[in-house]
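Down below is the structure, laid out as structure tokens.
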Amino acid sequence: MFAAYAARIDRDQPLNGLELGDRPAPGDRPGWTTINVKAASLNHHDLWSLRGVGLSEDRLPMILGCDAAGVDADGNEVVLHSVIGQSGHGVGPDEPRTILTEKYQGTFAEQVAVPTWNVLRKPKELSFEEAACLPTAWLTAYRMIFTNAGVRPGDSLLVQGAGGGVATAAIVLGKAAGLRVFATSRDEAKRKRAVDLGAVEAFEPGARLPQRVDAVIETVGAATWSHSVKSLRPGGTVVISGATSGDRPSHAELTRIFFLELKVVGSTMGTKDELEDLLSFCAATGVRPVIDEVLPLDRAREGFEKMASGELFGKIVLTGS
Numbered sequence: 000m001f002a003a004y005a006a007r008i009d010r011d012q013p014l015n016g017l018e019l020g021d022r023p024a025p026g027d028r029p030g031w032t033t034i035n036v037k038a039a040s041l042n043h044h045d046l047w048s049l050r051g052v053g054l055s056e057d058r059l060p061m062i063l064g065c066d067a068a069g070v071d072a073d074g075n076e077v078v079l080h081s082v083i084g085q086s087g088h089g090v091g092p093d094e095p096r097t098i099l100t101e102k103y104q105g106t107f108a109e110q111v112a113v114p115t116w117n118v119l120r121k122p123k124e125l126s127f128e129e130a131a132c133l134p135t136a137w138l139t140a141y142r143m144i145f146t147n148a149g150v151r152p153g154d155s156l157l158v159q160g161a162g163g164g165v166a167t168a169a170i171v172l173g174k175a176a177g178l179r180v181f182a183t184s185r186d187e188a189k190r191k192r193a194v195d196l197g198a199v200e201a202f203e204p205g206a207r208l209p210q211r212v213d214a215v216i217e218t219v220g221a222a223t224w225s226h227s228v229k230s231l232r233p234g235g236t237v238v239i240s241g242a243t244s245g246d247r248p249s250h251a252e253l254t255r256i257f258f259l260e261l262k263v264v265g266s267t268m269g270t271k272d273e274l275e276d277l278l279s280f281c282a283a284t285g286v287r288p289v290i291d292e293v294l295p296l297d298r299a300r301e302g303f304e305k306m307a308s309g310e311l312f313g314k315i316v317l318t319g320s
């Protein structure tokens, strides 16, 4: 079957390890389900995999892709939960939690196999392309806001780095939940898009906000960390799920954190139950993922290049070539 896969690890030039071509189709395995992939979306996790983060060379070649929506053998339209092993379903009971492609072949292919427990029904209200955007970036944003940030309707939220998948999802979800959302971006066009999606205002990184916020959604890391901490009200919460600009900020702001009793909460992906809630939330409210571009699978390299450059707003989705 045709697939986009990591053939080698290159920490400095990750796209050098990306290849497109034939790979073996999934075999039968007890407790697992094979899905015919209709749509799959890119995440920064895929770039990190090409750098060897979470993916060792002894597991190569590895088909990339965490997220997908498709059709199972019985004709059911489904969405995949990409976290394998967190509850022992479909794998050994002592197997540690991993994200698809850290150990098992991924979704950038005509077919993918996952534990049957990881297969969820796709709401009829969502297209395959829309549903394929949800299991990583949108689920991450959902958990950050509704599980870890501790915010309620009417509270305020700062989203750093508007344009990326998680940040874009956080703006849309925050607006839909009745939050007062602020956003930042270095790019003027992205700031305008953030406002169009529901942010009250969008600023350049580091700019003083009109008010201190209840929570910050942080995925940028070192470049925005100090601003995130300084933007919080006393007792506020910064939730961090990534560090695309690096994980070693020049100012940790420890004094401010303890003096103002701020909370720093780490957040990774989300549970199957949270994904079910997110799917239902989107189906019931009309909220839809922001899609930057839909490309056929045989043009996957273009999608990777666009994501690596940061020249995107929302998700890139791959469909059957």
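In numbering that gives the first Met the number 0, the protein residues as written are 0 to 320.
The beta carbon of each residue, even a glycine, is placed where N, CA and C say it ideally should be.
Just so we're clear, the structure is a prediction, and the values are computed from it rather than from any experiment.
My understanding is that residue i touches residue j, with C-beta atoms under 8 Å, so please give their C-beta distance in whole angstroms.
| i | j | result |
| --- | --- | --- |
| MET61 | ALA3 | Not a contact, Cβ separation roughly 10 Å. |
| SER225 | GLU203 | About 14 Å; that fails the 8 Å criterion. |
| ALA166 | PRO25 | Contact doesn't hold; Cβ gap of about 33 Å is too wide. |
| LEU196 | VAL212 | About 17 Å; that fails the 8 Å criterion. |
| THR39 | GLY64 | In the sequence on display, residue 39 carries Ala and not Thr. Contact flag correct, Cβ pair sits at about 5 Å. |
| VAL286 | ASN147 | The pair is not a contact, with the Cβ atoms about 19 Å apart (cut-off 8 Å). |
| ASN35 | GLN110 | 6 Å |
| THR223 | GLY149 | Not confirmed; about 21 Å, so no contact. |
| VAL78 | VAL70 | The Cβ separation is near 11 Å, so there is no contact. |
Please report the straight-line C-alpha distance between residue i and residue j, rounded to a whole angstrom.
| i | j | result |
| --- | --- | --- |
| ARG179 | ARG185 | 21 Å |
| PHE280 | ARG247 | 36 Å |
| GLY91 | GLY84 | 8 Å |
| ARG255 | VAL215 | 15 Å |
| TYR103 | VAL219 | 28 Å |
| LEU277 | LEU261 | 28 Å |
| PHE325 | PRO152 | Nothing about residue 325 can be reported from this structure: the residues present for the chain run from 0 to 320 only. |
| GLY105 | GLY245 | 26 Å |
| SER227 | GLY173 | 17 Å |
| LEU259 | ALA242 | 23 Å |
| GLY302 | ALA182 | 25 Å |
| ASP154 | LEU311 | 28 Å |
| ASP291 | ILE170 | 15 Å |
| VAL82 | LEU99 | 6 Å |
| GLU56 | ALA198 | 42 Å |
| PRO114 | GLY319 | 22 Å |
| ASN117 | LEU274 | 10 Å |
| ILE315 | GLY234 | 36 Å |
| LEU156 | THR97 | 30 Å |
| VAL194 | ALA201 | 6 Å |
| ALA108 | LEU59 | 15 Å |
| GLN210 | LYS229 | 11 Å |
| ALA282 | ARG7 | 39 Å |
| LEU317 | ALA68 | 11 Å |
| ARG192 | PRO95 | 39 Å |
| ALA221 | THR32 | 40 Å |
| ASP9 | LEU17 | 9 Å |
| GLU101 | LEU208 | 39 Å |
| GLY177 | VAL263 | 23 Å |
| ALA140 | LYS271 | 14 Å |
Just mark residue i as buried or exposed, buried being the case when its beta carbon has 16 or more other beta carbons within 10 Å.
| i | result |
| --- | --- |
| SER48 | buried |
| LYS123 | exposed |
| ALA168 | buried |
| ARG120 | exposed |
| THR135 | buried |
| VAL52 | exposed |
| THR284 | exposed |
| ASP66 | buried |
| GLN159 | buried |
| GLU304 | exposed |
| ASN325 | Outside the modelled stretch of the chain, which goes from 0 to 320, sits residue 325, for which no answer is possible. |
| ARG28 | exposed |
| HIS250 | exposed |
| ARG142 | buried |
| ALA206 | exposed |
| PHE145 | buried |
| PRO288 | buried |
| SER308 | exposed |
| ASP45 | buried |
| ALA299 | buried |
| GLY20 | exposed |
| GLY313 | buried |
| ALA72 | exposed |
| GLY30 | exposed |
| GLY162 | buried |
| GLY164 | buried |
Using a threshold of 7 Å, is the CB atom of residue i nearer than that to any non-hydrogen atom of the ligand FMN?
| i | result |
| --- | --- |
| LEU46 | Of ligands this structure carries none, so the ligand FMN is not represented either. |
Exercise. Quick one: any contact between the region 186-203 and the region 121-136, if contact means 3 or more CB pairs under 8 Å?
Worked result: no
For this session: Please go through the region 126-202 and give each complete beta strand (DSSP E) segment of 3 or more residues, from N-terminal end onward.
Result: 155-158, 179-183 and 200-202
For this session: For the region 261-272 and the region 7-21, state whether three or more C-beta atom pairs, one from each stretch, are separated by less than 8 Å.
Result: no
Exercise. Contact between the region 291-311 and the region 134-148: three or more CB pairs below 8 Å?
Worked result: no
For this session: Can you check the region 61-94 for any beta strand (DSSP E) of at least 3 residues that lies completely inside it and give the ranges in chain order?
Result: 68-70 and 76-79
For this session: Identify every run of the beta strand (DSSP E) within the region 238-285, keeping only runs that are complete inside it and at least 3 residues long; order them along the chain.
Result: 262-265
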